[in-house]
Amino acid sequence: MAKKKYAIGVDMGASFTKIGLVDENGNISNETELSTTDYKTPKNFVDALALQVQLIAGIAPGEVSGVGIGAPNANYHSGAINNSANLPWKEYFPLRDMLMEAIDMPVKITNDAKAAAQGELLFGKAKGMKDFILLTLGTGVGSGIVSNGQLVYGHDGMAGELGHIIAKPNGRPCGCGRKGCLETYASATGILNTAQKIMMANGLIPFQTSREITEAAMIGNPMALEVFNQTGKVLGKVLAHVHTVLSPEAIIFFGGLANARDFLLVPTRKAFEEELLFVYKEDKPELMISGLQHKNAAILGAAAMVI
Ligand SMILES: [Zn+2]
Numbered sequence: 001m002a003k004k005k006y007a008i009g010v011d012m013g014a015s016f017t018k019i020g021l022v023d024e025n026g027n028i029s030n031e032t033e034l035s036t037t038d039y040k041t042p043k044n045f046v047d048a049l050a051l052q053v054q055l056i057a058g059i060a061p062g063e064v065s066g067v068g069i070g071a072p073n074a075n076y077h078s079g080a081i082n083n084s085a086n087l088p089w090k091e092y093f094p095l096r097d098m099l100m101e102a103i104d105m106p107v108k109i110t111n112d113a114k115a116a117a118q119g120e121l122l123f124g125k126a127k128g129m130k131d132f133i134l135l136t137l138g139t140g141v142g143s144g145i146v147s148n149g150q151l152v153y154g155h156d157g158m159a160g161e162l163g164h165i166i167a168k169p170n171g172r173p174c175g176c177g178r179k180g181c182l183e184t185y186a187s188a189t190g191i192l193n194t195a196q197k198i199m200m201a202n203g204l205i206p207f208q209t210s211r212e213i214t215e216a217a218m219i220g221n222p223m224a225l226e227v228f229n230q231t232g233k234v235l236g237k238v239l240a241h242v243h244t245v246l247s248p249e250a251i252i253f254f255g256g257l258a259n260a261r262d263f264l265l266v267p268t269r270k271a272f273e274e275e276l277l278f279v280y281k282e283d284k285p286e287l288m289i290s291g292l293q294h295k296n297a298a299i300l301g302a303a304a305m306v307i
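For the record, in the sequence shown the residue sitting at position 46 is 46 according to my numbering, with numbers rising by one throughout.
Written as structure tokens, this is what we have:
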């Protein structure tokens, strides 16, 4: 019997970097983590990461084909990270090449949303799909687009910034310097802003976290339900426009806000279907929650690039 194949997946985040050994069936083992903020320079960080990767590779029960890394602002083509708002180091650094040199194994990197899409394709609900969009609804809104079976990178590796499609002209100010981006409505921060507006207008103390909004919706709180209705309206409309470009088979939601499940899905689907161009109405795509929502999807996705 042929030995199982393995890859090492790395989920690099602002606070913690998680590392795990992934087999070809999507099982994670030997998980460990580094505190990303403990390292003064990218070089210090890469040295520590290299050590952990070598330790895990050393105890793997089969061949390790390489290391995949999902990281904020990582560029698949250049292998570098540049000016990530969320990482402790603002300078440009060629993470892929630095790690490859240290460990002498193949390394691939991409941004976290694209890694999540890879994970969904190999191990989640998108198994067997050729055209789908994975939308990460977290602190920001990111996306990984798979078209004709391939992840879309664009000529510079930056394709798929769906979070910065303008949802409302002259709307809320966005971190990118423009106004009305989808991210300012459909991220965790965006939904809190919506909640604040609705609650203050009703003389109520606003929710403090997006999780609180979901919990309130679960017990039928009308304000919380209204927050999801408004959020779904904005999100569904933007996705209907995105659909005209890509005509995906499914749009999959992942991340903190996706935990709201039907509270978010139902109003989003309603707005989506209302706005959808008539030619697509016969064979509408499915809107669904990720199959990897409660697994360590970022590690799986990163490993999926090299397995
Ligand atoms: Zn923006």
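Where a beta carbon is used, it is the ideal one built from N, C-alpha and C, also for glycine.
Integer Cβ distance of residue 237 from residue 271, believed to fall under 8 angstroms: Sure, about 5 angstroms apart at Cβ, within 8 angstroms.
Report yes if the CB atom of residue 11 is closer than 9 angstroms to the CB atom of residue 5, and no otherwise. Taking 9 angstroms as the cut-off, the beta carbon of residue 11 is found no closer than this to the beta carbon of residue 5.
I want to check one thing, is the minimum distance from the CB of residue 184 to the heavy atoms of ligand 1 below 8 angstroms? yes
Residue closest to residue 157, alpha-carbon to alpha-carbon, out of 289, 77 and 176: Closest by C-alpha distance to residue 157, out of 289, 77 and 176, is 77.
Using three-state DSSP, classify residue 173 as helix, strand or coil. strand
Are the Cβ atoms of residue 117 and residue 99 separated by less than 9 angstroms? no
Grab me the residues of residue 261's own chain with a C-beta within less than 6 angstroms of its C-beta, minus the 5 sequence neighbours each way, in chain order. 289
Rounded C-alpha distance that separates residue 306 from residue 55: Roughly 18 angstroms between the two C-alpha positions.
Expected contact under 8 angstroms - CB spacing of residue 95 and residue 46 to nearest Å: 7 angstroms
Closest Cα partner of residue 75 within the set 61, 65, 225 and 97: 97
Tell me, which residues are paired with residue 29 by DSSP? 21
Taking a contact to mean a Cβ-Cβ separation below 9 angstroms, would you say residue 123 touches residue 300 in this structure? yes
Where does residue 196 fall in DSSP's three states? In this structure, residue 196 counts as helix in the three-state DSSP scheme.
Per-residue burial, residue 35 [other beta carbons within 10 Å of its own, 16 or more giving buried]: exposed
Mapping DSSP to helix, strand and coil, what is residue 287? Residue 287 falls in the strand class under three-state DSSP.
Which runs of the beta strand (DSSP E) spanning at least 3 residues fall entirely within the segment 83-158, listed in chain order? 107-110, 132-137 and 141-147
Less than 8 angstroms between the CB atoms is what I'm expecting for residue 63 and residue 3, so what's the real figure, rounded? 7 angstroms
What distance in whole Å lies between the Cβ atoms of residue 199 and residue 223, which are believed to be in contact at a cut-off of 8 angstroms? 6 angstroms
Would you mind reading off the limits of the beta strand (DSSP E) that contains residue 47? Element bounds for residue 47: not the beta strand (DSSP E) but the alpha helix (DSSP H), 42-59.
Shorter than 8 angstroms, the distance from the beta carbon of residue 164 to the closest heavy atom of ligand 1, or not? Taking non-hydrogen atoms of ligand 1 into account, the C-beta of residue 164 is found less than 8 angstroms away from one of them.
In terms of DSSP beta bridges, what is residue 228 paired with? According to DSSP, which records beta bridges pairwise, residue 228 is partnered with nothing at all.
Do residue 217 and residue 204 have their C-beta atoms within less than 9 angstroms of each other? In terms of Cβ geometry, residue 217 and residue 204 do not form a close pair [threshold 9 angstroms].
With C-beta atoms as the reference, is residue 71 less than 9 angstroms away from residue 87? yes
Roughly how many angstroms lie between the CA atoms of residue 80 and residue 20, to the nearest whole one? Rounded to whole angstroms, residue 80 to residue 20 spans 21 angstroms at the Cα level.
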